[in-house]
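With positions in the sequence shown counted from 1, the corresponding number in the numbering used here is that position plus 11. In this text, a Cβ means the ideal position worked out from N, Cα and C, and glycines have one as well. Computed from a predicted structure; not experimentally measured.
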Amino acid sequence: MASGVATPSAFSALTARAPLRLPLTNGCNRNSSKSLLNGLARPCNATSPIRPGSTCRTVSVRATASVEAPAQDEGVLVSIDNAKDDTFTVVTISGYNRPGLLTSISGTFRDLGLDVGKAEVDGSNGRVLDKFFVTAVGGGKVTDPKDIDKLRASLERLVSPAGRSLARLSSGKRPVVGDGVIESAPQNKTLLYNLMDTYIKNDVLSIEESIVNHVEYTLARSRYSFDNQEAYQATALSLRDRLIESWNDTQQYFKDVDAKRVYYLSMEFLMGRSLLNALNNLGVVDQYTEALREMGYQLEDLIQKERDAALGNGGLGRLAACFLDSMATLSLPAWGYGIRYQYGMFRQTIVDGFQHEQPDYWLNFGNPWEIERLNVGYPVNFYGHVSVHEEEGRQVFRWNPGETVAAIAYDNPIPGFQTNNTINLRLWAAKPGQEFDLEAFNTGDYVQAILSRQRAETLSSVLYPDDRTYQGKELRLKQQNFFVSATIQDVVRRYKDTHDSFDQFPDKVAFQLNDTHPTIAVPELMRVLMDENKMGWTKAWDITTKVFAFTNHTVLPEALEKWPVSLLEKLLPRHMQIIFDINWRFLQQLRAQLGDDWERIGRMSIIEDGSGGEKYVRMAYLAVVASHTVNGVAAIHSNIIKETIFKDFADLWPDKFQNKTNGVTPRRWLAFCNPPLRKLITDTLGSEQWINHLDSLQGLRQYADDPEFQQKWADVKGIAKAKALAHIREITGVQISDHVMLDIQVKRIHEYKRQLLNVLGIIWRYDQIKKMTPDQRAQVVPRACVIGGKAAPGYEMAKRIIKLISAVGNKINSDPDIDDLLKLVFVPDYNVSLAEVIIPGCELSQHISTAGTEASGTSNMKFAMNGSLIIGTMDGANVEIAEEIGEDNMFIFGVLTPEVPRLRQERRNFKPDSRFEHVVGLIRKGVFGWADFFEPLVDSVTSGGDYYLLANDFPSYIEAQAKVDEVYKDKARWTRMSIMSTAGSGMFSSDRTIRQYAEQIWRVEPCQVPAAEDEQI
């Protein structure tokens, strides 16, 4: 067999594993930006012995005279010689050849911190005789006897017959989880287990190799048809490989220690992009940046190729995503469960100022992060009837469904920050119970043949289908039962895999219901326990009430979900029976405790007698009755629900109600999205400990009055602002000066969030500027007002607000008298990725809901973390933000929550401020066009119909805005307030929130996967 001497660059290409960062020559096009990619994409066969006549795909190997191995010597020899070469330690290996050996030897050198300068490789008759010329880290020979012994032992294990089990060495040996699995495995699986015993390396060359392998072997692309989209997908897949290793170890470790797990059930998970988040959480940003740069790509360009996962809409889904990040970072044994929506809610476009809803084709290029689990599926039933029969002296209920769909699992790894734990978000996709009706097809009924498939897949097509029709209501309820039923079956199956009875179920399982949408899980678990596991009612109800906890997210009675009994009886007949039974037993309990207080008993009934004889199931009441804990999401919100919508229940069970103020992950919303500010904070506080311990930010307070630090702060804020303005200009086409105050309100469009109040304030400002002299205008603080958010498809008033924003913006932005003094833009299709750009650059953020209407809000926390000042009412989390950062560092206005009921009663006799009437009059007169179209908006805040009290709050809002202008002119004061906003944000980390959930509601403990072993010399 011919031997070869590999030059450094050729050796790199031969093995694609060499530790030395060497330029690729010999066949690589140095003029191409993809030269390194070309070399990596076309290696010699590095996983098998070099054969006579083998062809290297890009580099040529210089042929030399062969070196014959001893024909009769069947032993293993590893010699290490420091005398043969002046520069290198010469390592000679003689032993047994096998596929992958050359790659494994190269990996071993790298594991031990050795660089390979050159190599002479030869193989014949199943043997190898190879020479490697190596140096230690930093240069120099390997001289320490202990290092030499370790090197020899490692290589001898590789080339011995037993060494096959060590053929994939990597940067760290994986922790021992699954004790006893390998020992009890069939003999022919031992190699498989051993080959999975190490982690993929995270050095630059290994990353390049991983990316290129996915380009060619997963995406089936060549180096000549490989653009940024494929580069993004391959990069994501290479990261997913690393996440899967951690994910597998995490799940196995949870199983080994039999941890109690929390299951977070939510209709929404607004995840945002995953690439940058995964890179940061794995700590490999620099390595991937360098690897991509060497291959001719920029990480930032690839990040832009990722579509936001269309799995949520607003704060509810983003909160769920933040919570998953914190659960992983805190090493909690947790799973998220939801629906894999094919089109999400919708993609918002603005045409002539009107919102248009388009399908969000976020899966057009697939989702490289998810893992399709075709082997994990469950039947989910609908319609049909329930039969009853006797079995061993007890009544047994059998649901005979009229329709069955299959729920197929898609897993999404969620990595923690600075931990080995990676938890799981399992999303369900709907497939037909019967894939294809061949009989119908063969008889010519082609439509019927595919109808069941289309009907099934509709369940996981769109988030929150329009429920103004009966069909829409039915689809929403089917969606809820679909994901809940699959989840309950999955959790019960997982528990039964390791437990023989349900006695420990409450000690091993905790369900968190994120709002009322998953509440159908209560009767579903009862059904599974009683009908499928032959459990009696008493025990099943005892288990159910010990495992469920419920988070309420609203204070508005009309927002509490209710379903017609007739719909539930038709769609889920067995569940309706169970709900009737739950309610009957609950009412008996109330009668025993309250006596003949029928009015209160009626108020608390899960079944509501509606108008027209229709009965409704109050899902929030069902959740309260069945849950061991009910929590609000801000201090003021938790108090309000105990005094209003759940007052009767709070009086009955005062210990059941808690507060858990929301939080946001400081990783995505500060450290990752605002690198300049991250660096300044880290340099100032001395470490990055603050990222996982956000209370440490209070250490910034001592620098708030330091002029030098203020200048640094203003500089990094300026960088973020410039980036935000550039992005806003790009997506809106509106030219905005860099020398403006950036004023932002971005959130779901709703009357109670009062985007209309913001617009009325902007109209007032515009009208005042128009009346000013040139000298007066010179004193005006230039301001760019940015509003963004989606209106629900069926919410006409919210859509009119969007049109008004656009109309006012068109008028202002085209007025030459105004120029750069005032701009108003609406940013379409607001999502997580857009938020990550504009929140860091914001200077003033508006959180102006009517007091007592916003449960919490989390965008206010994100803005405050990034040093934006808040103008807002004392509502939701604004109250606690004011307590933490100080009211003097915010611009507070508006009525207080206790005043709201009285003011609503008096609003028909209320005389609005003249400024308010003037602004409303401008809209009525058609100054902004579309006067007739805007008339319903105007009527909603006049004629005694001002339910959200815009007229009441308008004067104090205008005065607060004047105070904003005054402070903005004093740059030192403004910067100090900005620093104090960030310094006081420590409480609003979702880590704190999740820690409280874990300790006070779920009773789960952190379960951290052991670290990998370090085997370097």
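Open item on the list: In the DSSP assignment, the beta strand (DSSP E) including T640 goes from what residue to what residue?
Closed with: One-based indexing of the sequence shown puts residue 640 at position 629. Element bounds for T640: T640 to G643.
- [ ] Evaluate D336 with the Cβ neighbour count: other Cβ atoms within 10 Å of its Cβ, from every protein chain shown; 16 or more gives buried, anything less gives exposed.
- [x] Position 325 of the sequence shown, counting from 1, holds the residue named residue 336. Flag for D336 reads buried.
TODO: Pull up the CB-CB distance for V566 and G377, whole angstroms please, since I reckon it's below 8 Å.
DONE: Counting from one through the sequence shown, the residue named residue 566 turns up at place 555. Counting from one through the sequence shown, the residue named residue 377 turns up at place 366. That belief does not hold up - the Cβ atoms of V566 and G377 are roughly 41 Å apart, past 8 Å.
TODO: Count the C-beta pairs between the stretch 563-582 and the stretch 525-534 that are closer than 8 Å, then say yes if the count reaches three, no if not.
DONE: Yes, since at least three Cβ pairs between the stretch 563-582 and the stretch 525-534 fall closer than 8 Å, the two stretches touch.
Open item on the list: With H, G and I counted as helix, E and B as strand and the rest as coil, what does DSSP make of R602?
Closed with: Counted from its first residue, the sequence shown places residue 602 at position 591. Here R602 sits in helix by DSSP.
Task: Sub-7 Å separation of A441 and L470 beta-carbons - done: Residue mapping note: residue 441 aligns to position 430 of the sequence shown, counting from 1. Residue mapping note: residue 470 aligns to position 459 of the sequence shown, counting from 1. Contact: yes.
Task: Rounded distance between the beta-carbons of E895 and M998, thought under 8 Å - done: Locating residue 998 in the sequence shown gives position 987, where the first residue counts as 1. Locating residue 895 in the sequence shown gives position 884, where the first residue counts as 1. Their Cβ separation, rounded to whole angstroms, is 5 Å, which keeps M998 and E895 in contact under 8 Å.
- [ ] Thinking Q298 and D214 are a contact (beta carbons under 8 Å), I'd like their distance in whole angstroms, please.
- [x] Taking the sequence shown and counting its residues from 1, one reaches residue 298 at position 287. Taking the sequence shown and counting its residues from 1, one reaches residue 214 at position 203. Contact holds; Cβ gap of about 7 Å.
- [ ] Enumerate in chain order the residues of its own chain whose CB-to-CB distance from R776 is below 7 Å, with the five nearest sequence positions on each side excluded.
- [x] Position 765 of the sequence shown, counting from 1, holds the residue named residue 776. Result list for R776: L833, in chain order.
Open item on the list: Which runs of the beta strand (DSSP E) at least 3 residues long sit entirely within the stretch 857-925? Give them in chain order.
Closed with: Counting only runs of 3 or more, we get 880-883.
Open item on the list: In whole angstroms, give me the CA-to-CA distance for D957 and H858.
Closed with: Here residue 957 is taken as the residue at index 946 of the sequence shown, counted from 1. Here residue 858 is taken as the residue at index 847 of the sequence shown, counted from 1. A direct Cα-Cα distance of roughly 19 Å separates D957 from H858.
TODO: Would you grab the beta carbon distance between S472 and W380 for me? Rounded to a whole angstrom, and I think it's under 8 Å.
DONE: Taking the first residue of the sequence shown as position 1, residue 472 is located at position 461. Taking the first residue of the sequence shown as position 1, residue 380 is located at position 369. No, S472 and W380 are not in contact; Cβ-Cβ is about 20 Å, not under 8 Å.
Task: Three-state class that DSSP yields for I425 in the structure shown - done: For this step, residue 425 is matched to residue 414 along the sequence shown. Note: I425 maps to strand in three-state DSSP.
Open item on the list: With distance defined between alpha-carbon atoms, name the residue in A130, I990 and Y394 nearest to Q722.
Closed with: On the sequence shown, residue 722 is found 711 positions in, with the first residue counted as 1. Of the listed residues, the one whose Cα sits closest to Q722 is I990.
Task: Inter-residue spacing [alpha-carbon to alpha-carbon] between Q1052 and T246 - done: Outside the shown range of the chain (12 to 1028) lies residue 1052, about which nothing can therefore be said.
Task: Nearest-angstrom Cα separation, counted from L835 out to D260 - done: The count along the sequence shown starts at 1 and reaches residue 260 at position 249. The count along the sequence shown starts at 1 and reaches residue 835 at position 824. Roughly 51 Å between the two C-alpha positions.
Task: Residues bridged to T100 (per DSSP) - done: By one-based count along the sequence shown, residue 100 stands at place 89. Paired residues: V145.
TODO: Return yes when the C-beta of G955 is under 6 Å from any heavy atom of the ligand ZN, and no when it is not.
DONE: No copy of the ligand ZN occurs in the structure displayed, which carries no ligand at all.
TODO: Ignore the nearest five residues each way along the sequence and tell me which others in A521's own chain have a CB closer than 8 Å to its CB.
DONE: The count along the sequence shown starts at 1 and reaches residue 521 at position 510. Residues K271, R272, V273, Y274, V558, A560, I1012, W1013, R1014 and V1015 of the same chain have their beta carbon placed closer than 8 Å to that of A521, with the five preceding and five following residues left out of the count.
Task: Beta-carbon proximity list for E414, same chain, < 6 Å, skipping 5 on both sides - done: Stepping through the sequence shown from its first residue, residue 414 is reached at position 403. Only F393 and Y394 meet the Cβ criterion.
Task: Enclosing beta strand (DSSP E) for D607 [first to last residue] - done: As a working mapping, residue 607 is identified with position 596 in the sequence shown. Element bounds for D607: n/a, residue is neither H nor E.
TODO: Have a look at A994 and K671 and give me their C-alpha separation to the nearest angstrom.
DONE: The sequence position of residue 994 within the sequence shown is 983, counting from 1. The sequence position of residue 671 within the sequence shown is 660, counting from 1. Near 21 Å, if we compare the C-alpha coordinates of K671 and A994.
Open item on the list: Here's the rule: buried if 16 or more other CB atoms are within 10 angstroms of the residue's CB, otherwise exposed. What is A809?
Closed with: In the sequence shown, the residue the question calls residue 809 occupies position 798. With 16 or more other Cβ atoms inside 10 Å of its own Cβ, A809 counts as buried.
TODO: Taking S844 and G106 to be in contact with their CB atoms under 8 Å, please state how far apart those CB atoms are, rounded to whole angstroms.
DONE: Translated into positions along the sequence shown, residue 844 becomes position 833. Translated into positions along the sequence shown, residue 106 becomes position 95. Wrong, their Cβ atoms sit about 53 Å apart, outside the cutoff.
Task: T209 - DSSP class collapsed to helix/strand/coil - done: Sequence index remark: in the sequence shown, residue 209 carries index 198 (1-based). Strand, per DSSP.
Task: Buried or exposed by the 16-neighbour rule on C-beta atoms within 10 Å, applied to P839 - done: Sequence index remark: in the sequence shown, residue 839 carries index 828 (1-based). By the 10 Å Cβ count, P839 comes out buried.
Open item on the list: Judging by CA-CA distance, which residue of S867, G852 and G887 is the nearest neighbour of F874?
Closed with: As a first step, residue 874 must be located in the sequence shown, where it is residue number 863. With respect to the C-alpha of F874, the residue from S867, G852 and G887 having the closest C-alpha is G852.
Task: Span of the alpha helix (DSSP H), counted from its first residue to its last, around D155 - done: For this step, residue 155 is matched to residue 144 along the sequence shown. Premise fails: D155 is in no alpha helix (DSSP H) and is neither H nor E.
Task: Coarse secondary structure for Y806, derived from DSSP in three states - done: Working through the sequence shown from its first residue, we reach residue 806 at position 795. DSSP places Y806 in the coil class of the three-state scheme, outside both helix and strand.
TODO: Answer yes or no: do T1004 and G674 have a C-beta to C-beta separation smaller than 7 Å?
DONE: Counting from one through the sequence shown, the residue named residue 1004 turns up at place 993. Counting from one through the sequence shown, the residue named residue 674 turns up at place 663. For T1004 and G674, yes; Cβs fall inside 7 Å.
Open item on the list: Could you check whether F660 and V635 sit closer than 7 Å to each other, using their CB atoms as the reference points?
Closed with: Sequence index remark: in the sequence shown, residue 635 carries index 624 (1-based). Sequence index remark: in the sequence shown, residue 660 carries index 649 (1-based). Their beta carbons are under 7 Å apart, which means V635 touches F660 by this criterion.
Task: Reduced DSSP secondary structure (H/G/I, E/B, other) of C853 - done: Here residue 853 refers to the residue found at position 842 when the sequence shown is read from its first residue. Residue state, collapsed to three classes: coil.
Open item on the list: Cutting at 7 Å between CB atoms, please list the residues of its own chain near Q369, excluding the five before and the five after it.
Closed with: Here residue 369 refers to the residue found at position 358 when the sequence shown is read from its first residue. Excluding sequence neighbours, Q369 sits near F357, R358 and T360.
TODO: Consult DSSP for F280 and reduce its assignment to one of helix, strand or coil.
DONE: As a working mapping, residue 280 is identified with position 269 in the sequence shown. Secondary structure of F280 (DSSP, three-state): coil.
Task: Residue closest to A888, alpha-carbon to alpha-carbon, out of S649, Q790 and L313 - done: If you number the sequence shown from 1, residue 888 lands on position 877. The shortest Cα separation from A888 among S649, Q790 and L313 belongs to S649.
- [ ] Measure the Cβ-Cβ separation of I425 and A302 and say whether it is below 7 Å.
- [x] The count along the sequence shown starts at 1 and reaches residue 425 at position 414. The count along the sequence shown starts at 1 and reaches residue 302 at position 291. Not a contact, by the Cβ cut-off of 7 Å.
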